[in-house]
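Structure record follows, encoded as structure tokens.
Protein chains in written order, with our numbering: chain G, 250 to 331; chain B, 108 to 258.
See below:
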């Protein structure tokens, strides 16, 4: 059924989205133009880097399994992305 | 039924001239899970009607246990440097708005190109949905269509 939540993933997308929305914009703004990794709960940012590739390497250096994070990008507010 | 997502608002310190001076940029970014032979990884990705393919960084393939050694290879182009290889493989994608849960098999591309966001383009994603990008209420609707191969 398309209305039944998945039970075979550590990631809960509904919880993540709810928490991510509560994350203060001013804190997120510190990462403008950077690639970031959220924890799976969406409550904090556990790593950041200039590129997605570097973010993956940074997570490995920190001993964090990339599968236990949600990677994202914080657009530079002075840049128009096309 | 349809998946419904609000556009994400990205605050700007200065008014956005092209948007009448408002102080944020709305973008149709969603969190999608990519599943492979050994696991899954969630990613924020851009719903992009201008993108031919659904694309992720190559390290996503590593994370979910996909071997791209013998994967078909093509090349990416767009704005900026062209010519990055893109390797294709089949994965499962999962997307939910908390009401509807969708899980489907998809051919996606993996690349080392410096993408800002992974793209949910036509192949692998938008081909399976009828989409509504509602600029007025900054919401996107995705309703599965007759080609949708998943659950």
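Ideal Cβ placement from N, Cα and C applies to all residues, glycine included.
In this text, all values refer to a predicted model and were calculated from it rather than measured experimentally.
query = Does any C-beta atom of chain G lie closer than 8 Å to the C-beta of residue 156 of chain B?
reply = To locate residue 156 of chain B, count along the second chain from 1; it is residue 49. False, the Cβ-Cβ gap to chain G never drops below 8 Å.
query = Identify the residues that DSSP records as bridge partners of residue 237 of chain B: which are they?
reply = Position 130 of the second chain, counted from the start, is the residue given in the question as residue 237 of chain B. Beta-bridge pairing links residue 237 of chain B to B:250.
query = Mind pulling the chain B residues with CB within less than 7 Å of residue 316 of chain G?
reply = As a working note, residue 316 of chain G is residue 67 in the first chain. In chain order: 146, 147, 148 and 170.
request  = Have a look at the DSSP bridge pairing and note the partners of residue 216 of chain B.
outcome  = By one-based count along the second chain, residue 216 of chain B stands at place 109. According to DSSP, which records beta bridges pairwise, residue 216 of chain B is partnered with B:162 and B:195.
inquiry  = I'd like to know whether the C-beta of residue 298 of chain G is nearer than 8 Å to at least one C-beta of chain B.
reply    = On the first chain, residue 298 of chain G is found 49 positions in, with the first residue counted as 1. So no, residue 298 of chain G is outside the interface.
ask   = At a Cβ cut of 7 Å, what residues of the segment 316-331 of chain G count as close to chain B, listed as they run along the chain?
value = 316, 319, 320, 321, 322, 324, 326, 330 and 331
key: residue 133 of chain B versus residue 190 of chain B - alpha carbon distance   = As a working note, residue 133 of chain B is residue 26 in the second chain. As a working note, residue 190 of chain B is residue 83 in the second chain. If I take the Cα positions, the gap works out to 30 Å.
Residue interval of the beta strand (DSSP E) (run including residue 305 of chain G) = Position 56 of the first chain, counting from 1, holds the residue named residue 305 of chain G. Run containing residue 305 of chain G: none in the beta strand (DSSP E); it sits in the alpha helix (DSSP H), 301-310.
inquiry  = Once the 5 residues before and after residue 238 of chain B are set aside, which same chain residues still bring their CB inside 6 Å of it?
reply    = Locating residue 238 of chain B in the second chain gives position 131, where the first residue counts as 1. 249, listed in sequence order.
ask   = Using a C-beta to C-beta distance shorter than 8 Å, which residues of chain B count as neighbours of residue 260 of chain G?
value = By one-based count along the first chain, residue 260 of chain G stands at place 11. By Cβ distance, chain B contributes 140, 147 and 149.
task = Please state whether DSSP places residue 367 of chain G in a helix, a strand or coil.
result = Residue 367 of chain G lies beyond the stretch modelled for chain G, which goes from 250 to 331, so this question has no answer here.
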